Amino acid sequence: MENLEYARLLAETADLMEIAAEDGFRIRSYRNAADTLQGYPERIDGVMADPARKLTEITGIGKGIAAVLEEIRERGSFARRDELMEKYPPTALEMLKIPGLGPKTIAALIAHFRVTTLDDLERLCREQKLRELPRMGAKLEEKILKGIASLRQSSGRFHIHFAAAIAEELTGYLSAVAGVERVEAAGSLRRGRETVGDVDLLVTGAAAAAALDRFVKHPRVGDVLGHGDTKASARVGIEGLQVDVRAVPAESLGAALQYFTGSKTHNVALRQLAMQRGYTLNEYGLFRLDGGERVAGRTEEEIYEALGLAWIPPELRENQGEIEAAGGAANARRLPTLLELGDIHGDAHIHTRESDGRFSLEEMAEAAAARGYGYIAITDHSKALAMANGLDEARVIRFAETVRAMDQSALPVRVLAGLECDIRRDGRMDIDDEALARLDLVVASVHSHMNMESGEMTERLLAAVENPYVKIMGHPTGRVLLHRDAYVYDFEKVAAAAAGRGVAMEINASPERLDLHAPLIRIAKSKGCRFVISTDAHHVKHLANMRFGVTMARRGWLEKGDVLNTLPVDQFLGSLRGNEG
DNA sequence: GCCGTTTTCGGCCCGACTGTTTTCAGTCG
Numbered sequence: 013m014e015n016l017e018y019a020r021l022l023a024e025t026a027d028l029m030e031i032a033a034e035d036g037f038r039i040r041s042y043r044n045a046a047d048t049l050q051g052y053p054e055r056i057d058g059v060m061a062d063p064a065r066k067l068t069e070i071t072g073i074g075k076g077i078a079a080v081l082e083e084i085r086e087r088g089s090f091a092r093r094d095e096l097m098e099k100y101p102p103t104a105l106e107m108l109k110i111p112g113l114g115p116k117t118i119a120a121l122i123a124h125f126r127v128t129t130l131d132d133l134e135r136l137c138r139e140q141k142l143r144e145l146p147r148m149g150a151k152l153e154e155k156i157l158k159g160i161a162s163l164r165q166s167s168g169r170f171h172i173h174f175a176a177a178i179a180e181e182l183t184g185y186l187s188a189v190a191g192v193e194r195v196e197a198a199g200s201l202r203r204g205r206e207t208v209g210d211v212d213l214l215v216t217g218a219a220a221a222a223a224l225d226r227f228v229k230h231p232r233v234g235d236v237l238g239h240g241d242t243k244a245s246a247r248v249g250i251e252g253l254q255v256d257v258r259a260v261p262a263e264s265l266g267a268a269l270q271y272f273t274g275s276k277t278h279n280v281a282l283r284q285l286a287m288q289r290g291y292t293l294n295e296y297g298l299f300r301l302d303g304g305e306r307v308a309g310r311t312e313e314e315i316y317e318a319l320g321l322a323w324i325p326p327e328l329r330e331n332q333g334e335i336e337a338a339g340g341a342a343n344a345r346r347l348p349t350l351l352e353l354g355d356i357h358g359d360a361h362i363h364t365r366e367s368d369g370r371f372s373l374e375e376m377a378e379a380a381a382a383r384g385y386g387y388i389a390i391t392d393h394s395k396a397l398a399m400a401n402g403l404d405e406a407r408v409i410r411f412a413e414t415v416r417a418m419d420q421s422a423l424p425v426r427v428l429a430g431l432e433c434d435i436r437r438d439g440r441m442d443i444d445d446e447a448l449a450r451l452d453l454v455v456a457s458v459h460s461h462m463n464m465e466s467g468e469m470t471e472r473l474l475a476a477v478e479n480p481y482v483k484i485m486g487h488p489t490g491r492v493l494l495h496r497d498a499y500v501y502d503f504e505k506v507a508a509a510a511a512g513r514g515v516a517m518e519i520n521a522s523p524e525r526l527d528l529h530a531p532l533i534r535i536a537k538s539k540g541c542r543f544v545i546s547t548d549a550h551h552v553k554h555l556a557n558m559r560f561g562v563t564m565a566r567r568g569w570l571e572k573g574d575v576l577n578t579l580p581v582d583q584f585l586g587s588l589r590g591n592e593g
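Numbered per the numbering used here, the first sequence spans residues 13 to 593.
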């Protein structure tokens, strides 16, 4: 079993324990252990199989949780979890995802109304029954209804890093089958959508059909939804992500990739174009309307070329002007030369143990060097995030001095002194200017009061942009994928102000945020904004999330020149607000 | 439940807001 799955069982149990009002410190231990496992560099299964190793050597795992992990390994669950699952409906965990609904309220609803499904809960809210209970009222009913609606919308979708990991695992597994030539992921995963509903894999080679048989026997495959000669479909892992594997003849791989990559609207537009030019396009190739002769299909490039287009990178295939930009004479084409991961030279939003990160400055610098970066900015939280042990003015100043005093030549990369400073309700910074002035860069972010009225929120962000020390707007819309919507404000107005003041927009590469997303990136660019792609890493392994931020930038049509952290450190610093020229 | 230890039990993170009250429980970050 994967570490992630152990972690998930522990975290879910912690949620249920909270509803059961068990001891808070015990719950935290379960959560800590789950976090530890999630970030643990080795497979836990391997540690357990090794008689020379002990689980309790891992910090955060003691005798109790070690026994739980052994039990999970043997039978996939453990006693405490089984009891709680028996006691509460599975929807209890779903309900926790509704913002504003916490364990206490859920426990009360279950005890009083015997709620077992989201439908039950929805009906109770519509019938205004919740207000019969103490401390519950109209606002809560409204909030829950909204939450259920957005939960329904997002259910069945998965974060991109999760889908990518499964796709990569299966690609390796299927590629190892003798007689398989190529395995390619298509679908929204290939386009780099921030969440995906299912994964599409295409397999070519003499043994493509054998690969389908192998796929359904994969140890993590659960329900097999279908299994024929050319297609197998199954749910993978305990999360149940649907994966479709298709056997494709090599001569039509390009056509199949094009077809299954989509998007639907891109393909509709492309087929219309094909029609105008006397062709018909399907997953087997591009054919002449008169006579049915096949003119392309082995590669995507030859299909686009036959239609008079440059090859369009999958990230752009959303029918947002990419077909027009790819057309015309070769020298008149307007497709951007998209940014690539290798263009990135530094990471400008990183947390350490000073606030809520899990590693030291030196360890994060080491990990950045391993990625070939030249610099990082350490940007821990400011004091408004008390729970994250945010820095107050004195600690900010001390931190800046510590970084200045460091022997930078002894560090594996250049380390910049930064801060992720909270934007307060009134738009002022959480830290006074005198302290901010000591830093190399300030990322300004909203972490509170996310439900302000649009006009007020706009004013708040405009005020933040006015602070002379703010260099970057952190996760500008505040959305948390599959969990919380963006806060509402006049983005164009704020983007225009940021462009005017030289404040860069962050593209937060954390797979849970991916904020900004493509449509807003294009708006910001049209207003003259520049961008910084940052991982918001709280763990050394989070630095690898940069690829998802780059994908987001590509979806937003960005080129190397739009992104400041493609520059070497001195030019990067020089390009930030107030340092230009 | 974990950790650290003055080895056998005490400490573990908390400030602010919201909606409901009329002094505060629940939620969030």
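Here a beta-carbon is modelled for each residue, glycine too, at the ideal position from N, C-alpha and C. Because the structure is a prediction, the values reported are computed rather than measured.
**Report entry** Nearest-angstrom beta carbon gap, L350 and R534 [assumed within contact, 8 angstroms]
**Finding:** About 13 angstroms; that fails the 8 angstroms criterion.
**Report entry** Nearest-angstrom Cα separation, counted from D497 out to G430
**Finding:** 28 angstroms
Requested in this report: Indicate the three-state DSSP secondary structure (helix, strand or coil) for Y316 in the structure shown.
Outcome: In this structure, Y316 counts as helix in the three-state DSSP scheme.
Query raised in the report: Hey, how far is the Cα of V425 from the Cα of T364?
Result: 16 angstroms
Report task. Confirm, please, whether the CB-CB distance from V255 to I178 is below 8 angstroms. Result -> Contact: yes.
**Report entry** Contacting residues, own chain, Cβ-Cβ under 7 angstroms from A536 (five flanking each side not counted)
**Finding:** Cβ neighbours of A536 beyond the five flanking positions: A507, M517 and L528.
Requested in this report: Would you tell me roughly how many angstroms separate the C-alpha atoms of L253 and A449, rounded to the nearest one?
Outcome: 48 angstroms
Query raised in the report: Out of curiosity, what's the CA-to-CA distance linking T117 and K141?
Result: 14 angstroms
Requested in this report: Could you check if T216 is buried or exposed, using at least 16 other CB atoms within 10 Å of its CB as the buried criterion?
Outcome: buried
Report task. Could you tell me whether the Cβ atoms of A396 and L451 are closer together than 8 angstroms? Result -> For the 8 angstroms CB-CB criterion, A396 and L451 do not form a contact.
Query raised in the report: CB R247 to CB D235, shorter than 8 angstroms?
Result: yes
Report task. Check the C-beta distance from E295 over to A318 and give it rounded, since I have them as a contact under 8 angstroms. Result -> Not really, about 16 angstroms apart at Cβ, beyond 8 angstroms.
Query raised in the report: Just the Cα atoms here: how many angstroms apart are A223 and R87?
Result: Computed Cα separation, rounded: 29 angstroms.
Requested in this report: Count the CB pairs spanning the segment 13-21 and the segment 41-56 that are closer than 8 angstroms, and state whether there are at least three.
Outcome: yes
Query raised in the report: If you follow the alpha helix (DSSP H) that A104 is part of, which residue opens it and which one closes it?
Result: For A104, the uninterrupted alpha helix (DSSP H) run begins and ends at T103 to M107, by DSSP.
Requested in this report: May I ask you to list the residues that DSSP assigns as paired with G266?
Outcome: Bridge partners of G266: none, in fact.
Query raised in the report: Going by alpha carbons, who is nearest to R40 out of V575, I73 and G58?
Result: Measuring C-alpha to C-alpha distances from R40 to each of V575, I73 and G58 identifies I73 as the nearest.
**Report entry** Residue from D445, Q420, H459 and M418 whose Cα sits closest to the Cα of R437
**Finding:** H459
Query raised in the report: Between which two residues does the alpha helix (DSSP H) containing K155 stretch?
Result: Run containing K155: A150 to S166, per the alpha helix (DSSP H) assignment.
Query raised in the report: Do three or more CB pairs link the segment 194-201 to the segment 263-279 at distances below 8 angstroms?
Result: Taking one beta carbon from each stretch, the segment 194-201 and the segment 263-279 have 3 or more pairs nearer than 8 angstroms; the two touch.
Query raised in the report: Got a sec, what are the start and stop residues for the beta strand (DSSP E) Y18 sits in?
Result: Taken as a continuous stretch (DSSP letters only), Y18 belongs to no beta strand (DSSP E), being part of the alpha helix (DSSP H) at N15 to I31.
Report task. On a CA-only basis, which of E327, R55, L133 and I545 is nearest I362? Give me that one, please. Result -> Shortest Cα-Cα distance from I362 to any of E327, R55, L133 and I545 involves I545.
Query raised in the report: Alpha carbon to alpha carbon, what distance is there between A530 and Q332?
Result: Roughly 11 angstroms separates the two Cα atoms.
Requested in this report: Look at the Cβ atom of P326, then the Cβ atom of R203, and state whether they are nearer than 8 angstroms.
Outcome: yes
**Report entry** Bridge partner(s) assigned by DSSP for V613
**Finding:** In the structure as shown, the chain begins at 13 and stops at 593. Residue 613 is therefore absent and cannot be evaluated.
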